[in-house]
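>
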Amino acid sequence: LETNSVFAQAGVTLGDVVERVDGELFQSTPEFVQQLINGSGDVTLDMIRYETGEPYTVTVNVADLSLTAGVHIRAVSLESPADEAGLKPGDVITHIDGTPIDFEDPSGTLIEMTIARAGTPMALSYLRDGEQLVTTLIPRVNPPEGEGRMGIAIESYYTTADGVSFVPSVPQEKMIPQTLDKAIAYGFNQTGEIIGAIITLPKQLIDGTISPEEARPVSVVGISRIGAEFLQRSISEGAPGLILNFIAMVSIFLGVTNLLPVPPLDGGRILFVLIEIVRGKPVPIRIEAMIIRIGLYIILALAVLVIIYDIINPFTIPG
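This note's numbering puts the first residue of the sequence shown at 737, with every later residue one more than the last.
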């Protein structure tokens, strides 16, 4: 935070946390930055003072705000591709293979690229102490459990032309009470986004946006491991939203899966009802029971195979 920046002159100090922009909450750093960009002049920021934890409000003129995007490296795993390439905590990745990091979702862009380029060289341009450097690494196809393909912990990073940097405030993250109507609306919105992601999953697999390894089925063993990692991060980072969002996501996935037209799932029962409506009479009980029995055997067999695969090749969270 440079002392001559518009934020410093408005009374913002290093480490202070932004909670609202013009009274509106935001869910991520990219969303916060977009709200700043959408501001036509003065914007009001609800802040929390880093040193005291006291809330305060400032007004900042963002009419001439100029921002650049990058990915800030918070940690580097030993003997990982990033470590071997010379990357260090504090470095800011600005370009991938010569292309600037996507402004709308810097971290997401890097994660997608590492998935797409797994096993092949990838050039990264990064800033270290104001100096622009370049390195090349090869993202791992099968990273160790708990590590990403490059072996780094990252966060989206934005910098203004006058020297103000914005990064997620994970250590100070907290649940902010909302009115009932806003909480319900937010819940419906998030549920819709997750269901939409599930529906578009086959398309993403076909066009190569995500790899089959990242979209593979996960058993109760894999879910337990992932849940344990989210719980550990929630506790260490003081961010209960991480584990709560994970639980909600698993519940939605189970709900959508249960609607698949496969006996003996509820979707299979719906399929039999639709057949009865079309035929004007129900499927014979003997045939229905046989189909349900076959479906059950197939589901149980798949469950056993997925459990074995999760034990042999544990699923890891990309990053």
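Just so it is clear, CB atoms sit at the ideal spot from N, CA and C, and this is done for glycine as well.
Determine whether the beta carbon atoms of Ala818 and Ile920 lie at a separation below 7 Å.
No, the pair does not count as a contact, with Cβ atoms beyond the cut-off.
> If you follow the beta strand (DSSP E) that Arg810 is in, where does it begin and where does it stop?
Where Arg810 is concerned, the enclosing beta strand (DSSP E) stretches over Leu803 to Val812.
> Beta-carbon within less than 6 Å of Glu909's beta-carbon, same chain only, minus the 5 sequence neighbours each way: which residues are those?
At Glu909, the pLDDT of 47 sits below 50, so the modelled position is not reliable and the matter cannot be decided from this model.
> Taking only the alpha-carbon atoms, compute the straight-line gap between Ile1034 and Ile1006 and give it to the nearest angstrom.
Answer to the nearest angstrom: the Cα atoms are 19 Å apart.
> Reducing DSSP to helix, strand and coil, say where Pro976 ends up.
If DSSP states are grouped into helix, strand and coil, Pro976 belongs with the helices.
> Can we say the region 818-835 touches the region 741-751, given the rule of at least three CB pairs closer than 8 Å?
Taking 8 Å as the limit for Cβ pairs, the verdict is that the region 741-751 does not touch the region 818-835.
> Judging by CA-CA distance, which residue of Asp943, Val956, Glu848 and Met985 is the nearest neighbour of Asn925?
Closest by alpha carbon: Met985.
> Is Glu883 buried or exposed, if buried means 16 or more other CB atoms sit within 10 Å of its CB?
By the 10 Å Cβ count, Glu883 comes out buried.
> Out of Asp752, Thr871, Val807 and Asp917, which one is the CA nearest neighbour of Arg785?
Cα-wise, what sits closest to Arg785 is Asp752.
> Looking at the structure shown, is Met985 part of a helix, part of a strand, or coil, going by DSSP?
It is helical.
> Would you kindly work out how many angstroms separate the C-alpha atoms of Glu965 and Pro1050, rounded to a whole number?
Rounded to the nearest angstrom, the two C-alpha atoms are 13 Å apart.
> The alpha helix (DSSP H) that contains Arg864, what's its start and end?
Careful: Arg864 lies outside any alpha helix (DSSP H), inside the beta strand (DSSP E) at Met858 to Arg864.
> Could you compute how far the alpha carbon of Pro907 sits from the alpha carbon of Ser970?
Any reading at Pro907 is ruled out, since the residue's pLDDT is 47, under 50, leaving its predicted position unreliable.
> Let me make sure I understand the geometry here. Which of Pro766, Ala799 and Thr850 has the alpha-carbon closest to that of Tyr894?
Nearest option by C-alpha distance: Pro766.
> Is Tyr792 near the ligand HEM, judged by its Cβ being under 6 Å from some heavy atom?
Summarising the ligand content, the structure contains no ligands, and the ligand HEM is consequently not present.
> Quick check: the Cα distance between Ser1069 and Ala933, rounded to an integer number of angstroms?
Residue 1069 is absent from the model: the chain starts at 737 and stops at 1055.
> Identify whether Met1026 lies in helix, strand or coil by the three-state DSSP scheme.
Met1026: helix per DSSP, three-state reduction.
> Give me the Cα-Cα distance between Thr850 and Ala799, rounded to the nearest whole angstrom.
Answer to the nearest angstrom: the Cα atoms are 35 Å apart.
> In whole angstroms, what separates the C-alpha of Pro953 from that of Gly777?
Rounded to whole angstroms, Pro953 to Gly777 spans 48 Å at the Cα level.
> Quick one: what does DSSP say Leu786 is sitting in, helix, strand or coil?
The sequence given here places Tyr at residue 786; Leu does not occur at that position. In the structure shown, Tyr786 sits in coil (DSSP, three-state: anything other than H, G, I, E or B).
> Whose CA, out of Leu761, Glu755, Ser741 and Val754, lies closest to the CA of Lys918?
Per the Cα distances, Leu761.
> The beta strand (DSSP E) spanning Ala889 covers which residue range?
Ala889 -> beta strand (DSSP E) spans Ile888 to Thr896.
> Assign Val870 to one of three DSSP states: helix, strand, or coil.
Note: Val870 maps to strand in three-state DSSP.
> Rounded to whole angstroms, how far is the Cβ of His808 from the Cβ of Ile890, which I believe are closer than 8 Å?
Right, their Cβ atoms sit about 7 Å apart.
> What is the DSSP secondary structure of Ile1034, counted as helix, strand or coil?
Reduced to three states, the DSSP call for Ile1034 is helix.
> Tell me the DSSP bridge mates of Phe902?
Beta-bridge pairing links Phe902 to Tyr894.
> For Glu847, tell me which candidate among Ile1013, Asn774, Thr945 and Ser813 has the shortest Cα-Cα distance.
Strictly speaking, residue 847 in this sequence is Ile, with Glu absent from that position. Minimum Cα distance to Ile847 is reached at Thr945.
> Enumerate in chain order the residues of its own chain whose CB-to-CB distance from Thr871 is below 6 Å, with the five nearest sequence positions on each side excluded.
Hits under 6 Å: Ala821, Gly822 and Leu860.
> Is DSSP giving Phe743 helix, strand or coil here?
Helix, per DSSP.
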